[in-house]
Amino acid sequence: MSESAELVLDLDGYEGPIDMLLSLAREQKVDLAKISILALADQYLAFISARRRLRLEIAADYLVMAAWLAYLKSRLLLPEPPRDDEPSGEELAEALAQRLKLLEAMQQAGLRLMSRPRLGHDVFLRGLPEGVAVVPRPVYEVSLYDLLHAYGEGRRRAGAQILTIEPPSLFSMDDALKRFERLLGHIPEWRELTSFFLEEGTGELFRRSLLASTLAASLELVRIGRAELRQERTFGPIYLRSALPAAGEREEG
Amino acid sequence: MSGRAQQLRLVEALIFAAGEPLGEDVLGERLGDPAALGEVLRELCELYAGRGVNLVRLAGGWTFRTAPDLATALRVERQVPRKLSRAAVETLAVIAYHQPVTRAEIEEIRGVALGKGTLDLLLEAGWVRPRGRRDSPGRPLLWVTTEGFLAHFGLDSLTELPGVDELRAAGLLELQPLARAAGEESGSEG
Amino acid sequence: MSGRAQQLRLVEALIFAAGEPLGEDVLGERLGDPAALGEVLRELCELYAGRGVNLVRLAGGWTFRTAPDLATALRVERQVPRKLSRAAVETLAVIAYHQPVTRAEIEEIRGVALGKGTLDLLLEAGWVRPRGRRDSPGRPLLWVTTEGFLAHFGLDSLTELPGVDELRAAGLLELQPLARAAGEESGSEG
Chain A
1 MSESAELVLD
11 LDGYEGPIDM
21 LLSLAREQKV
31 DLAKISILAL
41 ADQYLAFISA
51 RRRLRLEIAA
61 DYLVMAAWLA
71 YLKSRLLLPE
81 PPRDDEPSGE
91 ELAEALAQRL
101 KLLEAMQQAG
111 LRLMSRPRLG
121 HDVFLRGLPE
131 GVAVVPRPVY
141 EVSLYDLLHA
151 YGEGRRRAGA
161 QILTIEPPSL
171 FSMDDALKRF
181 ERLLGHIPEW
191 RELTSFFLEE
201 GTGELFRRSL
211 LASTLAASLE
221 LVRIGRAELR
231 QERTFGPIYL
241 RSALPAAGER
251 EEG
Chain B
1 MSGRAQQLRL
11 VEALIFAAGE
21 PLGEDVLGER
31 LGDPAALGEV
41 LRELCELYAG
51 RGVNLVRLAG
61 GWTFRTAPDL
71 ATALRVERQV
81 PRKLSRAAVE
91 TLAVIAYHQP
101 VTRAEIEEIR
111 GVALGKGTLD
121 LLLEAGWVRP
131 RGRRDSPGRP
141 LLWVTTEGFL
151 AHFGLDSLTE
161 LPGVDELRAA
171 GLLELQPLAR
181 AAGEESGSEG
Chain C
1 MSGRAQQLRL
11 VEALIFAAGE
21 PLGEDVLGER
31 LGDPAALGEV
41 LRELCELYAG
51 RGVNLVRLAG
61 GWTFRTAPDL
71 ATALRVERQV
81 PRKLSRAAVE
91 TLAVIAYHQP
101 VTRAEIEEIR
111 GVALGKGTLD
121 LLLEAGWVRP
131 RGRRDSPGRP
141 LLWVTTEGFL
151 AHFGLDSLTE
161 LPGVDELRAA
171 GLLELQPLAR
181 AAGEESGSEG
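Protein chains in written order, with this note's numbering: chain A, 1 to 253; chain B, 1 to 190; chain C, 1 to 190.
What follows is the structure, encoded as structure tokens:
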């Protein structure tokens with residue numbers, strides 16, 4: 001066989017025995033559908049035995065293929081009535097041809113894939129993509145029930161504190177007005193404002209609120225025309241009396 | 001295709017594919033016709049003016065950038081589900097029932113100091129916002145709930161908060177002025 | 001600017017900014033007008049046809065990429081990737097056309113054991129990945145191609161694989177009837 005010397009040198013270039021068979025088939029330069037499996041088997045076996053003579057190492061799967069081809073050849077040349085469960089020589093040859101066609105198809109497909117314009121090789125995506133900024137937006141999973149439950153819990157827990165709030169010990173303007181309300185008809189003469197302070201010694205804060213609220217209440221009474229105020233000098237004592245009935249029409253700001 | 005059109009295409013593709021703004025020296029060299037580059041770039045700039053992508057000079061080189069006016073439209077908001085802490089839920093509830101309410105009052109009602117960031121979190125969630133200040137010493141911020149709060153909890157108005165009447169009747173919703181050391185009064189609603 | 005022009009700009013900018021194929025679901029949602037998307041994409045495609053940068057459908061999404069005919073002029077820009085071995089190319093083809101496929105089936109088709117590292121190489125390139133296992137003895141891993149594979153080879157989907165229809169018609173994509181040389185049974189397709 002003329003090609004065998006070359007094939008020996010090229011053995012390592014084959015991707016296995018099927019690939020080698022396929023290469024040999026291509027040497028027949030005919031359509032894969034029309035190749036002679038028998039001739040192919042002969043070529044392969046001749047090639048393997050040539051290598052053996054040269055004492056070259058042959059990978060096991062090449063030897064397995066050689067053995068199988070020898071078997072196939074015997075089945076093709078010496079047809080014997082096949083047993084039921086065994087494929088005929090023709091069927092085996094057909095299966096091999098199919099394998100060759102399949103590998104051929106895959107090799108071609110690979111080449112066609114590789115010949116396409118390839119991304120990053122022939123065609124390029126944008127080199128400097130800004131990207132789309134992803135702004136994470138937290139979505140909180142809270143139901144109305146959670147809200148009310150939390151509120152109830154919180155109130156229960158904090159309840160004791162709420163109930164022990166000290167009442168404010170302050171004298172309000174309302175308190176002062178109520179006090180004047182009871183006395184107003186009975187103050188015909190000037191009376192010092194401090195004389196309306198009935199409470200004693202309930203704390204500095206309380207005394208200050210007493211003074212402020214009484215003064216504010218007295219001013220309010222003057223504004224609505226129910227009382228009169230008098231002060232003779234700056235920081236001097238302040239006097240109050242009921243307004244005279246005739247003075248009721250007077251307006252004071 | 002004319003020589004000029006081909007030059008345009010090449011420069012366009014070069015700038016597009018480059019991982020950094022391309023200087024005019026590089027572009028001129030790749031074009032093989034440095035003298036023509038100025039005109040090519042000018043034409044490309046015009047071609048992309050007013051488009052969603054513009055050709056711009058950046059860092060001494062040429063690059064494509066998305067149009068600045070589309071920046072907002074290009075941002076993607078991704079929703080990240082989160083659990084709200086108990087403290088945050090409770091704080092939200094206190095604000096909902098007692099608004100407008102100061103931070104100090106929230107702490108008073110809950111009987112515990114507000115953790116760092118709890119209000120921030122509710123603010124970020126869009127459920128509370130400050131509205132005005134209490135007219136009292138320090139003029140503390142007042143917190144109220146938002147429309148977003150109502151929407152999230154499926155409420156038409158605050159009066160729909162279940163149980164609000166019952167709670168008020170029980171006197172649990174009256175924030176009683178506490179006697180404070182300096183004797184300040186809590187102010188009125190603004 | 002008209003609504004359509006603005007839609008064009010937005011989609012253009014979105015695809016430009018993404019730097020990778022964007023699905024029509026995402027684009028439609030971002031456009032806020034999914035019904036208009038088809039027309040917008042068609043117009044954009046036309047606008048970029050014949051230019052140095054084209055709008056194409058890759059791996060199920062839309063992306064801009066440089067025109068294929070400029071490959072030679074652009075290639076200097078990039079390092080030429082390592083040439084793939086014949087084994088790797090064939091293995092990739094087998095996975096692409098026969099997926100999902102087991103390692104044993106790849107070896108059967110190629111008639112040779114898979115060399116160490118061939119799958120690793122394809123995996124590393126981001127072109128193949130394991131997905132699930134064949135429900136047969138030993139539960140072997142099944143290999144499929146990735147979106148990266150489609151994008152790299154300029155395919156929108158696997159139906160665009162070169163010659164896939166002819167191969168199917170010729171019965172060459174059926175693994176079932178493969179009689180093995182050594183007489184073993186091939187696993188069943190899942």
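The beta carbon of each residue, even a glycine, is placed where N, CA and C say it ideally should be.
message: Whole angstroms are fine: how far does the CA of A:Arg116 sit from the CA of B:Ala17?
response: Computed Cα separation, rounded: 19 Å.
message: List, in chain order, every chain B residue whose beta-carbon is nearer than 8 Å to that of C:Thr63.
response: By Cβ distance, chain B contributes nothing, its closest Cβ being about 12 Å from C:Thr63, past 8 Å.
query: Within the chosen definition, does the region 83-97 of chain A reach the region 93-100 of chain C through at least 3 CB pairs nearer than 8 Å?
result: Taking a cut-off of 8 Å for Cβ pairs, the region 83-97 of chain A and the region 93-100 of chain C do not touch, as fewer than three such pairs fall below it.
task: Could you pull out every residue in the same chain whose Cβ sits closer than 8 Å to the Cβ of A:Ser172, ignoring the five residues on either side in sequence?
output: If we look at A:Ser172 and ignore the five residues flanking it on each side, its Cβ neighbours are Ser209, Ser213.
- prompt: Cβ of C:Thr146 versus every heavy atom of the ligand SAM: is any distance shorter than 6 Å?
  reply: In the structure on display, the ligand SAM does not appear, and there are no ligands present to speak of.
query: DSSP three-state call for A:Trp68: helix, strand or coil?
result: DSSP places A:Trp68 in helix when its eight states are reduced to three.
query: How is the alpha helix (DSSP H) around C:Tyr205 delimited, first residue to last?
result: For residue 205 of chain C there is no data in the structure shown, the boundaries of chain C being 1 and 190.
message: Quick check on C:Thr145: does DSSP put it in helix, strand or coil?
response: DSSP places C:Thr145 in strand when its eight states are reduced to three.
query: Considering A:Glu228, what are the terminal residues of the alpha helix (DSSP H) in which it resides?
result: Here A:Glu228 belongs to no alpha helix (DSSP H); instead the beta strand (DSSP E) covers 227-231.
query: What residues are listed by DSSP as bridge partners for A:Glu220?
result: None, per the DSSP bridge assignment.
- prompt: CB-CB under 6 Å to A:Met65, same chain, minus the five flanking residues each way: which ones, in chain order?
  reply: Here the set comprises Pro17.
- prompt: Beta-carbon of C:Thr66 versus every beta-carbon of chain A: anything under 7 Å?
  reply: When Cβ-Cβ separations below 7 Å define contact, C:Thr66 makes contact with chain A.
message: Using the three-state DSSP reduction, which class does A:Ile238 fall into: helix, strand or coil?
response: Here A:Ile238 sits in strand by DSSP.
- prompt: Given that A:Gln43 touches chain C, what residues does it touch there, using C-beta distances under 8 Å?
  reply: Think of a sphere of 8 Å around the beta carbon of A:Gln43: no beta carbon from chain C falls inside it, the nearest being about 16 Å out.
- prompt: Is it right to say A:Lys178 is buried, meaning 16 or more other beta carbons lie within 10 angstroms of its own, or is it exposed?
  reply: When all chains shown are included, A:Lys178 counts as exposed.
Nearest-angstrom Cα separation, counted from B:Leu70 out to C:Leu10: Each residue's alpha carbon lies about 7 Å from the other.
Selection of the region 3-20 of chain C by Cβ proximity to chain B, strictly under 8 Å: Listed by position along the chain: Leu8, Arg9, Leu10, Val11, Glu12, Ala13, Leu14, Phe16, Ala17.
Contact list for the region 41-54 of chain C against chain B, Cβ threshold 8 Å: Answer set for the region 41-54 of chain C: Gly50, Arg51, Gly52, Val53.
query: Is the CB of C:Phe149 under 7 Å away from at least one CB in chain A?
result: Taking Cβ atoms only, chain A never reaches closer than 7 Å to C:Phe149, which makes this a no.
- request: Buried or exposed for A:Ala150, please, with buried defined as at least 16 other CB atoms from any protein chain shown within 10 angstroms of its CB.
  value: Here A:Ala150 is buried, its C-beta having at least 16 other C-beta atoms within 10 Å.
field: Contact list for the region 198-217 of chain A against chain B, Cβ threshold 7 Å
entry: Listed by position, the residues of the region 198-217 of chain A near chain B (Cβ gap below 7 Å) are Leu205.
Residue from C:Leu161, C:Ser136, C:Asp135, C:Arg134 with nearest C-alpha to C:Thr145: Checked all of C:Leu161, C:Ser136, C:Asp135, C:Arg134; the closest Cα to C:Thr145 is C:Leu161.
- request: Report buried or exposed for C:Gly50, applying the criterion of at least 16 other Cβ atoms within 10 angstroms of its Cβ.
  value: Answer is exposed; the Cβ neighbour count stays below 16.
message: Could you check whether the Cβ of B:Ala36 sits closer than 7 Å to any Cβ belonging to chain C?
response: By the rule that beta-carbons nearer than 7 Å mark a contact, B:Ala36 does not touch chain C.
query: How would you call C:Tyr97, buried or exposed, if buried means at least 16 neighbouring beta carbons within 10 angstroms?
result: C:Tyr97 counts as buried, since no fewer than 16 other beta carbons sit within 10 angstroms of its beta carbon.
- prompt: Nearest chain C C-beta to B:Leu74 closer than 7 Å, yes or no?
  reply: Answer yes: the Cβ-Cβ gap between B:Leu74 and chain C drops below 7 Å somewhere.
task: Would you mind stating whether A:Leu193 and A:Leu144 have Cβ atoms separated by less than 7 Å?
output: Cβ distance not < 7 Å, so A:Leu193 and A:Leu144 don't count as in contact.
task: Flag B:Leu155 as yes if its beta-carbon sits less than 7 Å from any beta-carbon of chain C, otherwise no.
output: Answer no: the Cβ-Cβ gap between B:Leu155 and chain C never drops below 7 Å.
- prompt: For C:Arg129, which three-state DSSP category applies?
  reply: The DSSP-derived three-state label of C:Arg129 is strand.
query: What does C:Leu70 reach in chain B if we use C-beta pairs closer than 7 Å?
result: Under the 7 Å cutoff, chain B gives Arg9, Leu10, Ala13.
query: Are any of the Cβ atoms in chain A nearer than 7 Å to that of C:Leu172?
result: When Cβ-Cβ separations below 7 Å define contact, C:Leu172 makes contact with chain A.
field: Classification of C:Thr66 by the beta-carbon crowding that lies within 10 angstroms, buried from 16 upward
entry: Under this definition C:Thr66 is a buried residue.
Buried/exposed call for B:Ala13, threshold 16 Cβ in 10 Å: By the neighbour-count rule (16 or more Cβ atoms within 10 Å), B:Ala13 is buried.
message: 7 Å is my cut-off, CB to CB: does A:Ala150 come that close to chain B?
response: Yes, its Cβ sits closer than 7 Å to a Cβ of chain B.
query: Cα separation between A:Gly120 and B:Gly61?
result: So the alpha carbons of these two residues sit roughly 22 Å apart.
- prompt: Residues of chain C with CB under 7 Å from A:Arg116, in chain order?
  reply: Ordered by position in chain C, the residues that pass the 7 Å Cβ test against A:Arg116 are Phe153, Gly154.
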